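Colleague: My structure is below; once you've seen it, I'll send some questions.
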Amino acid sequence: MLRLTRACATGLTALTLLTAAPVAQAAAAGSVTMAPAAARPSLTAKASVGSIKAWQQFRVYGSTKNIKAGTRVTLQQLQKKRWVSLPASMNTNRNATYNLRVKLGIKGVNQLRIVGGGATSNVVKVTVR
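This is the structure we're talking about:
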C-alpha cells in the first residue's frame, strides 16, 4: 500500500513538472503576454455649497474616468442607512463631466453621492438649515 502511495505521488510530481516545463520555457522566451487589466471606472463629486436653506438650489458636479461619454449618472442620498436614488440624473458630456441642479428639503446634514457607469463617487455632505 505504501509503494502505491509513493508511486502515485511520484507520478503526480512528474506530471506537474512535465506540464509546467513548456510554460516556463515560453515565459523565458518572452512569447507569453499578459492581458492588460481593465481600467476601473471612477467618479468624483463636489457640491457648490456646504450649507443651504431648505429647498434652495445648488449644484453637484464632477468628472468621470474610464466611463464613456453619454453615460447616465444619478444622485443618491443616504436616508436611514440606505442609499436612495433622487430624481436628479443626467448624461455625462463629451468632456467626461456632469453638473446637476439639486434642491434638498431634509434638514440637517445630507450625505450625497453619484452613481453610474459601474462606479460610485465619494460622499459629499451638504447641511440644510
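Letter by letter, the sequence shown follows residues -26 to -1, 1 to 103 in mature numbering (1 follows the signal peptide of the UniProt record, and there is no 0). Where a beta carbon is used, it is the ideal one built from N, C-alpha and C, also for glycine. The model shown is predicted, which means the values in this text are computed figures rather than measured ones.
#1: Is it true that the stretch 57 to 66 meets the stretch 19 to 30, where meeting means three or more beta-carbon pairs spaced less than 8 Å apart?
#2: Kindly list the residues whose CB is nearer than 8 Å to the CB of lysine 54, restricted to its own chain and excluding five residues on each side of it in sequence; keep chain order.
#3: Using 8 Å for Cβ pairs, my map puts glutamine 50 next to serine 37. What's the rounded Cβ distance?
#4: Where do the N-terminal and C-terminal ends of the beta strand (DSSP E) with asparagine 65 fall, by residue?
#5: According to the Cβ coordinates, are lysine 81 and valine 102 closer than 8 Å?
#6: Give me, in chain order, the residues of the same chain whose beta-carbon lies closer than 6 Å to that of leucine 78; leave out the 5 immediate sequence neighbours on both sides.
#7: On the three-state DSSP scale, how would you describe residue 104?
#8: Where asparagine 40 and serine 95 are concerned, what is the direct C-alpha to C-alpha distance, given to the nearest angstrom?
#9: My output table needs one value for isoleucine 88: the three-state DSSP class, helix, strand or coil.
#10: Does the Cβ of glycine 90 have 16 or more other Cβ atoms within 10 Å, making it buried, or fewer, making it exposed?
Modeller: A quick look at the data gives this:
#1: no
#2: none
#3: Not a contact, Cβ separation roughly 18 Å.
#4: 56 to 65
#5: yes
#6: Asn84 and Val102
#7: This structure does not reach residue 104, given that the chain is present from -26 up to 103, and the question cannot be answered.
#8: 13 Å
#9: strand
#10: buried
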